[in-house]
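There are 2 protein chains.
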Amino acid sequence: MEAGILSVGKELLMGYTLDTNSHWLAGELTSLGFELQRITVVDDVLDEIAQVLSDYLGRGFSLVVTTGGLGPTPDDMTLTAVAKACGRDLVLNDTALEMVERTYARLYIEGKIKRDGLFEERRKMAMLPEGAIPLSNPVGAAPGSWLELEDAVVLSLPGVPAELKGIFEEGARERLLRLVGDRGGRVVLTAEVPSGIEDESVLCRITRKVMEEVEGVYLKTLPTGFHRNTNISVRITAFGETEELAEQRMEGAKEALKRKLEG
Amino acid sequence: MEAGILSVGKELLMGYTLDTNSHWLAGELTSLGFELQRITVVDDVLDEIAQVLSDYLGRGFSLVVTTGGLGPTPDDMTLTAVAKACGRDLVLNDTALEMVERTYARLYIEGKIKRDGLFEERRKMAMLPEGAIPLSNPVGAAPGSWLELEDAVVLSLPGVPAELKGIFEEGARERLLRLVGDRGGRVVLTAEVPSGIEDESVLCRITRKVMEEVEGVYLKTLPTGFHRNTNISVRITAFGETEELAEQRMEGAKEALKRKLEG
């Protein structure tokens, strides 16, 4: 179950905004059992976005998550690019339109916006690739989009972190769990162990040997720079098709590491 | 002067580490006059790293900056990939070897490491693509690498943020400034303006509006932490194909900022 993330937005490339979305999604996808292969940040340029999407799908990723570019402004063009890369038309989705309408009606009643009605910029947020399922946005206006292709899913989320997380938790997580279940995902466990060693060039010999000895585990030294290192930690990640297998591998890695650190 | 960033490391894809390096570099490259086109995060896999590098160079980027994968461990393989993508051999660089040797000798004398000498994992950090210039690392052990190709430069920096910034400030920034000058980049002007505002979340709305209003400028708030902020400065960067155009945009941005701060 390989996955790719595509973050869209010039503000990320100009150093104006730190891309915390990809980081958060990376952790969520990993713990759901996906193997994230790549994160790409591109400008708000239709062909750039579509080209990375095509590349991801061409690599056989089971899941592609896009962030950003779902809003009302003309430089929000992610779903147009998704439609293009997937060979679909971009069409007005009735369910999405109802979601957008409800949101603005509520904001108007609450006195948070001055203008009611679905004018063009607002209708734009209900234009989805043909066949996509809109995901309700509990925080903002633009719905997310869940597009199932033959061998992959393209999930599109807004760039505002609270909206991205809101849609993920309320609409996407359950679908992703089902996707992982249907297609046979994996269990992932992690643990951090202090090594008592302050020199990464020495410690890495030990972690490499543990990885050679124990199958299905990944050990990473966590250096913080020589000026601060007193005791480098090792992060152990154990994978398994079942909980039991992942636990067994984790224990194996911990024991092997302990033995080699003492030896 | 288009540029691309390539961040290497499984820890970024697993959601363990937030890629603050790319964000910091994006801001620096932008203010130096580069147009950052893409940021890609890949796994510690030789072919993946080399493939993105080849793609960047094929797109005609003048500058490619890699972060991560310069250390002593076997999964540190960025420079092997740089050599591969650029058709160079990976060779022991004598200057780099002296740098690594000096660092470990110092750490040994200071009692920070227990084992002296240049064993294999340490020598590995002095293996650079043929023709690359090593950049001294004022914080850690692995030198950076500056590789000039016919039409592009590949700059490789370590993943530990303090080391990345140390090498950038001491060895890379000056070279990048010369590169921008030599290859006829954009004219870039910068100015710092006090805002009279102490809340960045308020100020950033104003700077964003100025960027929307005035073409070819980039505004960055420079907070120093709430306990010390009394008057956050704004760094204005103005770009232009000519000095005159850049100056004109700078004046436009200054006026728009003043107007919005007073309004």
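For the record, the sequence lines run as chains Z and Y.
Residue numbering for the first sequence follows the working numbering, starting at 1 and increasing by one per position.
Residue numbering for the second sequence follows the working numbering, starting at 1001 and increasing by one per position.
The beta carbon of each residue, even a glycine, is placed where N, CA and C say it ideally should be.
Values in this document were obtained by computation on a predicted structure and should not be read as measured data.
For the beta strand (DSSP E) holding Gly-1171 of chain Y, just list the boundary residues, first then last. Note, Gly-1171 of chain Y: premise wrong, no beta strand (DSSP E); not H, not E.
Presumed contact (8 Å Cβ cut-off) between Leu-6 of chain Z and Thr-66 of chain Z, rounded CB distance: 5 Å
For Leu-1097 of chain Y, which three-state DSSP category applies? helix
Option nearest Gly-1071 of chain Y by Cα separation, candidates Z:Ile-167, Z:Glu-262, Z:Ser-201, Z:Glu-35: Cα-wise, what sits closest to Gly-1071 of chain Y is Z:Ser-201.
Tell me Met-1127 of chain Y's beta-bridge partners as DSSP assigns them. Looking at the DSSP assignment, Met-1127 of chain Y forms a beta bridge with Y:Leu-1092.
Note down, in chain order, every chain Z residue with its Cβ under 9 Å from the Cβ of Arg-1038 of chain Y. Chain Z residues near Arg-1038 of chain Y: Leu-13, Thr-40, Val-41, Val-42, Asp-43, Glu-48, Val-52.
Flag Glu-1121 of chain Y as yes if its beta-carbon sits less than 8 Å from any beta-carbon of chain Z, otherwise no. So, interface residue.
Got a sec, what are the start and stop residues for the beta strand (DSSP E) Val-4 of chain Z sits in? The residue you asked about is not Val; residue 4 of chain Z is Gly in the sequence shown. Where Gly-4 of chain Z is concerned, the enclosing beta strand (DSSP E) stretches over 2-8.
Using C-beta distances below 6 Å, list every residue in its chain close to Tyr-1056 of chain Y, excluding the 5 sequence neighbours before and after it, in chain order. Gly-1004, Val-1064
For Leu-128 of chain Z versus Thr-80 of chain Z, is the C-beta spacing smaller than 8 Å? It is not a contact, given that the beta carbons lie outside the stated cut-off.
Just to confirm my understanding: we take Thr-17 of chain Z, look at its own chain, exclude 5 residues before and 5 after, and list those with CB closer than 8 Å. What are they? Gly-9, Glu-11
Identified DSSP bridge partners for Ala-1191 of chain Y: Y:Ile-1236
What are the residues in the region 1021-1032 of chain Y lying within 9 Å of chain Z by C-beta distance? Ser-1022, His-1023, Trp-1024, Leu-1025, Ala-1026, Gly-1027, Glu-1028, Leu-1029, Thr-1030, Ser-1031
Would Lys-220 of chain Z count as contacting chain Y if we go by Cβ distances under 8 Å? Taking a beta-carbon distance threshold of 8 Å, Lys-220 of chain Z counts as an interface residue toward chain Y.
Grouping DSSP H, G and I as helix and E and B as strand, with all else coil, what is Lys-1114 of chain Y? coil
With contact counted as at least three CB pairs below 8 Å, one residue from each stretch, are the region 1171-1183 of chain Y and the region 1137-1153 of chain Y in contact? yes
Any chance the region 238-252 of chain Z sits against the region 203-221 of chain Z, with 3 or more Cβ pairs inside 8 Å? yes
Taking the straight line between their C-alpha atoms, what separation do you get for Gly-68 of chain Z and Asn-93 of chain Z? 19 Å
Beta-carbon contacts of Ala-162 of chain Z that lie in its chain and below 7 Å, excluding the five residues immediately before and after: Cβ neighbours of Ala-162 of chain Z beyond the five flanking positions: Val-139.
Closer than 8 Å to chain Y by CB, Arg-235 of chain Z: yes
Under 7 Å from the C-beta of Val-202 of chain Z: neighbouring residues of chain Y: Arg-1115
Under three-state DSSP, which class holds Tyr-1016 of chain Y? Judged by DSSP in its simplified three-state form, Tyr-1016 of chain Y adopts coil rather than helix or strand.
Run through chain Z and tell me which residues come within less than 7 Å of Val-1193 of chain Y, C-beta to C-beta. Going along chain Z, no residue has its Cβ under 7 Å from Val-1193 of chain Y, so there is no contact; the nearest lies around 17 Å.
Quick one: what's got a C-beta closer than 7 Å to Ile-1232 of chain Y's C-beta in the same chain, skipping five residues either side? Ser-1195, Ile-1197, Glu-1198, Glu-1200, Leu-1203, Thr-1221, Leu-1222, Pro-1223
Taking Cβ to Cβ, would you say Thr-1073 of chain Y is nearer than 8 Å to Ser-1156 of chain Y? no
C-alpha gap between Gln-51 of chain Z and Lys-84 of chain Z, whole angstroms: The C-alpha of Lys-84 of chain Z is placed about 9 Å away from the C-alpha of Gln-51 of chain Z.
Have a look at the DSSP bridge pairing and note the partners of Tyr-1218 of chain Y. Y:Thr-1237
What residues in its chain sit with their C-beta under 7 Å from that of Ala-256 of chain Z, if we drop five residues either side in the sequence? Contacts found: Val-210, Glu-213, Val-214.
To the nearest angstrom, report how far apart Val-1153 of chain Y and Ser-1062 of chain Y are at their CA atoms. So the alpha carbons of these two residues sit roughly 6 Å apart.
Can you list, in chain order, the residues of its chain whose CB lies under 7 Å from that of Glu-243 of chain Z, leaving out five sequence neighbours each side? Val-187
On a Cα-Cα basis, can you pick out the residue from Z:Gly-58, Z:Met-14, Z:Ala-105 that is closest to Arg-115 of chain Z? Z:Ala-105
Just by C-beta distance, which residues in the region 1066-1077 of chain Y are closer than 9 Å to chain Z? Gly-1071, Pro-1072, Thr-1073, Pro-1074, Asp-1075, Asp-1076
Determine the direct distance from the alpha carbon of Met-1014 of chain Y to that of Glu-48 of chain Z, and round the result to whole angstroms. 25 Å
Measure how close the beta-carbons of Arg-122 of chain Z and Val-100 of chain Z come, nearest whole angstrom, since I'm counting them as under 8 Å. 6 Å
For Gly-87 of chain Z, name the three-state secondary structure that DSSP assigns. If DSSP states are grouped into helix, strand and coil, Gly-87 of chain Z belongs with coil.
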